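Before any comments, here is the structure.
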Amino acid sequence: MYFKIPGPLGVREHSNNHDGPFISKFFHNGVHQAPSHGFDGAVGAPYFSTPLANKVTNSDIAAGLMCEELSEAEFSVLVMALCKDAIVLAEQRQAELQRWDAAAKKRTWIWFNSSSEELRDFLLKGIAATIVSLRALRAKDFVQYSEENIKLGSCHGSVVDPEAAASVCPVDVANKRIMIAPKFCGLSRDKRNPYNGEIGDGDSQLLTLVHEVTHFKDVFGSNDNFYSTFRSIKYVEDPGIRFNADSLAAYIIGTNPRQERY
905 MYFKIPGPLG VREHSNNHDG PFISKFFHNG VHQAPSHGFD GAVGAPYFST
955 PLANKVTNSD IAAGLMCEEL SEAEFSVLVM ALCKDAIVLA EQRQAELQRW
1005 DAAAKKRTWI WFNSSSEELR DFLLKGIAAT IVSLRALRAK DFVQYSEENI
1055 KLGSCHGSVV DPEAAASVCP VDVANKRIMI APKFCGLSRD KRNPYNGEIG
1105 DGDSQLLTLV HEVTHFKDVF GSNDNFYSTF RSIKYVEDPG IRFNADSLAA
1155 YIIGTNPRQE RY
């Protein structure tokens, strides 16, 4: 499952099992696609000339039903719990990079095919920004995936993608709204193994959250060249893999990939 973002959005959709880079049908609009099973896209500067100034709501509760089976209050509890988990995991990666021992180098090699000092510095900077963004998120920042909210995020030229699970406008750095679609509700929470606590391969609400945050221009400014954690590993030797949203999200939450990279 991935996020697809039409226009200057970062969206996630269900996987169609495409291998390799995938050019978004919205590419000509300068759209930014969203991760997990990734969607390829480019954010065109002309489409993001007007930054957002205000929040959509002053409430601390998510506005509008995102998941039919959850009330607004229940959904708010869910997303804030996901933010809390994501912060803990991002801080673990941060501490790991600061230690920079054999285990830390192995993890970066698994997801980025490198254990260089330059990559370490890149990840430390981006993860620090990820943590800041996650800490600032409130339930009211999670809004419905709609044409109205797409426009509010200055993602001109974008349209609602029926396959998307979530989306962001990468230039919406002042407000950092995360648009949630119904498909998000059908994802597992975190792919965590109940026996050993390890996070496995595949899309989840937790992966999706981090994936979307990495899209923001003041975080990693990630793209969606490769869909899914599996393809992120399969194409790990691609020179631009460090900017792939699913690769970054999987690394940050500590996903344990399939055995071929070990």
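As numbered in the working numbering, residues 905 to 1166 make up the sequence shown, in order.
Ideal Cβ placement from N, Cα and C applies to all residues, glycine included.
Being a predicted model, the structure only gives us computed values, none of them experimental.
Nonlocal neighbours in the same chain, by C-beta distance under 7 Å from residue i, ignoring five residues either side
i, result
"valine 1117", "Thr1034, Ser1037, Leu1038 and Val1123"
"arginine 1146", "Phe1016, Leu1023 and Phe1026"
"methionine 984", "Ala1043"
"arginine 1093", "Ser1108, Gln1109 and Leu1110"
"serine 963", "Because the pLDDT of serine 963 is 41, which lies under 50, any placement of that residue in the model is unreliable, and the question is left without a value."
Neighbourhood of residue i by C-beta distance below 8 Å, restricted to the same chain and skipping five residues each side
i, result
"arginine 1096", "Glu1102, Ile1103 and Gly1104"
Beta-carbon proximity of residue i to residue j, cut-off 8 Å
i, j, result
"valine 1114", "asparagine 1017", "no"
"alanine 1069", "alanine 1085", "yes"
"leucine 1110", "serine 1126", "no"
"asparagine 1129", "asparagine 1148", "yes"
"leucine 974", "leucine 982", "yes"
"tyrosine 1155", "arginine 1011", "yes"
"proline 1074", "lysine 1121", "yes"
Alpha-carbon to alpha-carbon, residue j and residue i
i, j, result
"alanine 946", "lysine 988", "Caution is warranted here: a pLDDT of 32 is assigned to alanine 946, below 50, making its placement in the model unreliable, and the coordinate value is therefore given only provisionally. Whole-angstrom Cα-Cα distance: 30 Å."
"arginine 1081", "glutamate 1022", "31 Å"
"cysteine 971", "asparagine 1053", "17 Å"
"aspartate 1142", "aspartate 1025", "19 Å"
"isoleucine 1157", "glutamate 1051", "30 Å"
"phenylalanine 979", "arginine 1135", "30 Å"
"glutamine 1048", "proline 1066", "13 Å"
"glutamate 995", "alanine 1040", "15 Å"
"glycine 1144", "alanine 1006", "24 Å"
"isoleucine 1031", "valine 992", "12 Å"
"lysine 1138", "tyrosine 1099", "27 Å"
"serine 1062", "leucine 1028", "32 Å"
"threonine 1133", "threonine 1112", "11 Å"
"alanine 990", "aspartate 1045", "16 Å"
"serine 1020", "valine 1064", "40 Å"
"aspartate 1076", "glutamate 976", "23 Å"
Close-in-space but distant-in-sequence residues of the same chain around residue i (CB under 6 Å, 5 per side omitted)
i, result
"valine 1072", "Gly914, Ile1082, Glu1116 and His1119"
"phenylalanine 1088", "Ala1069 and Ala1070"
Test: residue i CB closer than 8 Å to a CB of chain B
i, result
"lysine 1055", "Annotation note: the requested chain B is absent from the structure, which comprises a single protein chain."
inquiry  = Report the start-end ranges of each alpha helix (DSSP H) in the region 1106-1142 that is 4 residues or longer and not cut off at the edges.
reply    = You should have 1109-1119 and 1132-1138.
inquiry  = Would the region 1058-1068 count as touching the region 996-1003 if we require 3 or more Cβ pairs under 8 Å?
reply    = Contact between the region 1058-1068 and the region 996-1003 is absent, because fewer than three Cβ pairs lie under 8 Å.
task = Could I get the ranges of all uninterrupted beta strand (DSSP E) runs contained in the region 992-1026, with 3 residues as the minimum, in chain order?
result = Listed in chain order, nothing qualifies, since the region 992-1026 has no complete beta strand (DSSP E) run of 3 or more residues.
ask   = Which ranges would you report for the beta strand (DSSP E) in the region 1067-1112 if only whole runs of at least 3 residues count?
value = Qualifying beta strand (DSSP E) stretches, in chain order: 1068-1072 and 1082-1084.
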